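Down below is the structure, laid out as structure tokens.
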């Protein structure tokens with residue numbers, strides 16, 4: 834299922850950011866965003882919000898700023 838795969842990507846991205854693999858985490862997170870955008874999943878949105886909060890300590894890194902900008906663009910679409 835798409836939702837399960839999307840949530841799996843978010844969980845992987847969360848693990849990557851916890852390991853300080855921020856660039857990889859953002860890449861994985863974007864894959865999840867692409868999948869979640871085709872669904873209406875409250876659970877997926879909750880996991881994604883948790884991931885965004887875990888990125889907060891790295892908010893000054895260009896890759897994290899780019900991730901946030903892409904997320905905002907997709908939310909507006």
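Residue numbers (the numbering used here): 834 to 910.
We put the CB at the ideal spot given by N, CA and C, even for glycine.
The structure presented is a predicted model; accordingly, all values stated were derived computationally and were not measured.
Item	Value
Near residue 891, what residues of its chain come up, given a Cβ to Cβ distance below 7 angstroms and the 5 sequence neighbours on each side ignored?	855, 897
Determine the extent of the alpha helix (DSSP H) in which residue 857 is found, giving its start and end residues.	855-869
State the start and end residues of the unbroken alpha helix (DSSP H) segment that holds residue 851.	835-851
Just how far apart, CA to CA, sit residue 835 and residue 853?	27 angstroms
Can the beta-carbon of residue 839 be found less than 8 angstroms from the beta-carbon of residue 901?	no
What residue range does the alpha helix (DSSP H) around residue 884 cover?	875-888
Could you check if residue 851 is buried or exposed, using at least 16 other CB atoms within 10 Å of its CB as the buried criterion?	exposed
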